[in-house]
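For reference, the structure discussed in these notes is given below.
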């Protein structure tokens, strides 16, 4: 020990000769009375130190020894700091379980997201300050024996009269358990950590790749660069004409509504009706907790607002808050609907989760149950149902053309462009990807950079090509997956039909009403017959004699049989 401390002092504070003159080394005075063996060992140590100083230099030796000490301290801090952090984590977990009755319900479920996101600084025993590492939601597992662990879909009912898509059972947790399992920290965003958006005061409309005043006019090079996923990215994502979405950008919203939308920092359920195309459907089976904590927003244009005028007050119809949108950027109502559908993270900058449902759908399950089942339990950040019978983009494109969803030339141009980029028909070789075609009327997602990037890129394809988002979905998904390990949770269409019910558009309802058969009311009561005239009174009261039946002949068969028996 004495030799080790001697070496540290010599390297840090100067030569041994100067320290001896100043009386800094009392160990050497005491060593004169020790045995020769000890003196010889000490001399060898001093010789070694002088030899190191001779070839390395005293300053370098000092720095080397200082680095050794720092490394030892760092290892000690890391080892004991982790133990202390585990102790603190268990204490936080226990305190949450004791103070929150909702967590007591699911305390047997293992959750790996209790670490706080706050960048607090811990002080160790040696005075070294270390900020805690960033923490993310790592998922959870339901306890053994939980019914949802062994839940399987029953076979579809054998009903030959009813063909086509239908709902199937889904194993939801009770609302209280789902709320308790809501992650306390965000999920991990693969590769990208910072995502900012382009603002263009002076738009350059002369580009080779098209675009719009709302989405901008990015060049083909800018589009390709947007698929080069990096840690920090700046890209087109709608609202390019203003610094704040909804204010002078197209798709303009009143400041009072924008302020309310900024206050929503939890879960958002959003929908939209433009052109008075649908009838507002009120959600059912919503818990009181969700009614108090979930933001329900319905975006409408001026035509729809005029149709609803007088049917709501204080900007609300049921649980929906009605938001009037002015200056719609597109003439196509379906393309306008893609703005809130794909860019909710821009309209609600502080929200953590969102559930989008088309205006024709009726929500019949609690939002927390849906988020738990399709996001948190799967440790996913974006979930969408796959189409109930089409899995291939090429088949989907032909179906859109046959149904007249968009002009055929534009659909063909988009598909040919994707083919040149490498789009191939869907096959089992793409597993574990189960489909290339979504049923895009419902989108469940967490607002983190990687999922926000996906919906921005998806919107840019809709802005640039056709408004049929099913055609561009797989291209955006596969391009991101090629650069990261992120993908989309595509669940069964029958599971989607479990929590939303599809209604008819308003024009279809009007057409059905015209074709409906006439309503048959119950027949009126019969009118009593008037009394007969006086001269018919006696005639009407006269009895009609009954018709006389012809007598049987005495020589009937029955008579002959009886007489025979007597004989």
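Numbering (the UniProt record's numbering), first residue to last: 1 to 567. Where a beta carbon is used, it is the ideal one built from N, C-alpha and C, also for glycine.
Figure out for me which residue from 430, 442, 383 has the closest Cα to the Cα of residue 362. 442
Extent of the continuous beta strand (DSSP E) to which residue 443 belongs: 438-446
Using the beta-carbon count (16 or more within 10 Å), is residue 180 buried or exposed? buried
Decide if the region 499-509 is in contact with the region 277-297; the criterion is three or more beta carbon pairs, one per stretch, under 8 Å apart. yes
Taking its Cβ as the centre, do 16 or more other Cβ atoms sit within 10 Å of residue 151, making it buried, or is it exposed? exposed
Can the beta-carbon of residue 250 be found less than 8 Å from the beta-carbon of residue 236? no
Supposed contact pair residue 264 and residue 403 - C-beta distance, whole angstroms, cut 8 Å: Wrong, their Cβ atoms sit about 36 Å apart, outside the cutoff.
In chain order, which beta strand (DSSP E) runs of at least 3 residues are fully inside the region 132-200? 194-197
Beta-carbon proximity list for residue 428, same chain, < 8 Å, skipping 5 on both sides: none
Residues near residue 486 by beta carbon distance below 7 Å, same chain, minus five either side: 190, 450, 480
Considering only the alpha carbon of each residue, which of 529, 366, 283, 241 lies closest to residue 205? 241
Quick one, which of 165, 154, 143 has its alpha-carbon nearest residue 173's? 143
Residue 637 by DSSP, collapsed to three states: which one? Residue 637 is absent from the model: the chain starts at 1 and stops at 567.
Beta-carbon gap between residue 462 and residue 472 smaller than 8 Å: yes
Assuming the contact rule is C-beta atoms closer than 8 Å, residue 319 and residue 286 should be a hit. Round their C-beta distance to whole Å, please. 7 Å
What residues in its chain sit with their C-beta under 6 Å from that of residue 367, if we drop five residues either side in the sequence? 267, 269, 290, 294, 355
Do you know whose CA, among 401, 378, 394, 408, lies nearest residue 436's CA? 394
Tell me which residue opens and which closes the beta strand (DSSP E) that residue 320 is part of. 320-326
Helix, strand or coil for residue 316, going by three-state DSSP, please let me know. strand
Among all the DSSP beta bridges, which residues are the ones paired with residue 234? 196
In its own chain, which residues sit with a C-beta less than 8 Å from the C-beta of residue 308, not counting the 5 before and 5 after it? 280, 300, 317, 322
Can you give the Cα-Cα distance for residue 74 and residue 67, rounded to whole angstroms? 10 Å
Stretch-stretch touch, CB-based, cutoff 8 Å, three pairs: the region 408-426 with the region 375-393: yes
Distance between residue 292 and residue 343 (C-alpha atoms, nearest Å): 24 Å
N- and C-terminal bounds of the beta strand (DSSP E) containing residue 294: 294-300
Own chain partners of residue 493 with C-beta closer than 8 Å, once the 5 adjacent residues on each side are dropped: 165, 385, 386, 387, 388, 439
I think residue 234 touches residue 345, with their Cβ atoms under 8 Å apart; what is that distance to the nearest whole Å? In fact, because the Cβ distance is near 16 Å, the residues do not count as touching under 8 Å.
Below 8 Å on the Cβ atoms is my contact criterion, and I expect residue 370 with residue 444 to pass it. Report the Cβ-Cβ distance as a whole number of Å. 6 Å
Does the distance from the CB of residue 167 to the CB of residue 400 come in under 8 Å? no
Residues near residue 219 in its chain [Cβ-Cβ closer than 8 Å; skip 5 each side]: 207, 208, 209
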